[in-house]
Amino acid sequence: MAPRPPLVALKDVRLQDGPRPLFDGVDMAMEPRSRAALVGRNGAGKSTLMKVVMGLIEPDSGDRSFQSGTRFAYVPQEPVITGETLADYAASGEAERWTAESWLETFGLNPSKSTQGLSGGEIRRAALAKAFAEEPDLLLLDEPTNHLDILAIELLENELIQARFALLVVSHDRAFLNRVTDTVHWLEGRRVRTLNKGFVEFDDWAAKVMEEEAESLRRLTKRIEAETYTFYRSITAQRTRNEGRARALQQMRLDRAERVKDLPRELNLGVDSGGASGKLVADIKGVTKAFGDRTIFKNLTTRIIRGDRLAIVGPNGAGK
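Per my numbering, the sequence shown runs over residues 126 to 445.
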C-alpha cells in the first residue's frame, strides 16, 4: 500500500519580517494522525509558522500544499469567546450543537454558562472543546496548557493521545510535550529541522545537531583562511582568475556571516546579589484566609527553609 500523502506540506517557504527573513527555505510536512511539537526560541516565529501551515498567512515565496477537504481547527494563545452561552460559542463553527455541548461537558464546563466573566482556565477549556467538537483532520494548538490546572492538563493529554486527528502544538510545557508528541519540528536559524521521535528525545538530538553545525562552521572558517592565503599569494597571477577567486572568497565570507547570525545566543543576565539571609525563609503558623463567606485555607502551618524547592498545586480557583 502506498503511503498516504501529508495533510499539509511546506516547500522552500520564505517569509520576510523587516530587513531579514523570519524563516527561509522551510520544508515541513504534517502527516495524518501525527502528533508534532513545533519548538524554537522565543521570537523565532513559531506562532507565525503555525498560521502559515493553516493558511492564515501567505508566505512570500515557496509552496504550501494540502489534501483537498482537509479540515483545520486552531486554538490561539488568546482565544476570544463569543455568543451568549458557551454552547453558542462552541457550536458557532463546524460542530453540531449536541457535539459541542458534549465536549464542553467533557472539559468540565456547563454548556448553558454565560460567556461573560469567564476565568482564563474556562476560556481555554471552552476553546479546546470547540476545536475538538469540530472534528478536524489537523488541530493546531498555541500554548494550550496556559491557565489550565493539573487535572485539566491531564484530561487534555489523554484526549489528544486517543484522538484520530493530526496535531501541531506550540508549548513551553516540556512534560506535556513529552507525553503527547511523536514528532518534533525545530525552528532554528530560520529553517526547520525535523526529528521523527517524540519531544523526550529532543535535547540529545538538538545538542548533536548544534555540534555538527559548529564543526561545519569551523571547517568553513578554515577554508576561508586557506583561500585568503592562496588569493594574496597569487595576486600577480592572471587578473580574471583573481577576480573569480575574490568573488568566491567574498561569497564564503557572506555565507559564514549569515550562519554565525543564526547560531543560538547565550543569554547572560547580571543580578546584584543581596546579603545572605538565614536558613529560615518563612515560618507560617495557623494562618487562615477567606474571601467573603468562602474560606480559602484554614490553620495553614508550614516552614520554608533556604534551598527548599516547593510547588503549590491545585485546581483553578482553589486559592493557590
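Even glycine gets a Cβ: it sits at the ideal position worked out from N, Cα and C.
Quick caveat: nothing in here was measured; it's all calculated off a predicted structure.
1) Using the three-state DSSP reduction, which class does Asn235 fall into: helix, strand or coil?
2) Considering only C-alpha positions, which residue in the set Glu284, Val406, Leu312, Ile429 is nearest to Leu174?
3) Any heavy atom of the ligand MG closer than 7 Å to the CB of Ala252?
4) Classify Pro261: buried if its beta carbon has 16 or more other beta carbons within 10 angstroms, exposed otherwise.
5) On a Cα-Cα basis, can you pick out the residue from Asp149, Val164, Ala415 that is closest to Leu425?
6) For the segment 222 to 238 against the segment 164 to 179, do three or more pairs of beta-carbon atoms, one drawn from each stretch, fall closer than 8 Å, so that the two count as touching?
7) Are the beta-carbon atoms belonging to Val151 and Arg318 less than 8 Å from one another?
8) Whose C-alpha, out of Lys176, Leu132, Pro157, Ser159, is nearest the C-alpha of Leu140?
9) Gln265: which of Arg196, Asp137, Asp298, Glu350 sits nearest, CA to CA?
10) Could you tell me whether the Cβ of Gly143 comes closer than 8 Å to any Cβ of chain C?
11) Would you list, in sequence order, the uninterrupted alpha helix (DSSP H) runs of no fewer than 4 residues that lie entirely inside the segment 191 to 259?
12) Do you know offhand how far Arg121's Cα is from Gly442's?
13) Would DSSP call Gly395 helix, strand or coil?
14) Per DSSP, which one or two residues make a beta bridge with Val178?
15) For Glu282, report the span of its alpha helix (DSSP H) as first-last.
16) Distance, Cα to Cα, Pro440 vs Asp274?
17) On the DSSP letters alone, give me the boundaries of the alpha helix (DSSP H) that Arg166 sits inside.
With the structure as the only source:
1) coil
2) Leu312
3) Although the ligand MG was asked about, the structure shown includes no ligands whatsoever.
4) buried
5) Ala415
6) no
7) no
8) Lys176
9) Contrary to the premise, residue 265 reads as Leu rather than Gln in this sequence. Of Arg196, Asp137, Asp298, Glu350, the residue nearest in Cα terms is Arg196.
10) Looking for chain C here will not work: only one protein chain is present.
11) 211 to 215, 222 to 231, 245 to 258
12) Since the first residue of the chain shown is 126 and the last is 445, residue 121 is not available in this structure.
13) Low confidence applies here, because Gly395 scores a pLDDT of 45, under 50, leaving its location unreliable and the question unanswered by this model.
14) DSSP output for Val178 lists no bridge partner at all.
15) 275 to 287
16) 5 Å
17) Counting along the chain, Arg166 falls outside any alpha helix (DSSP H), and DSSP gives it neither H nor E.
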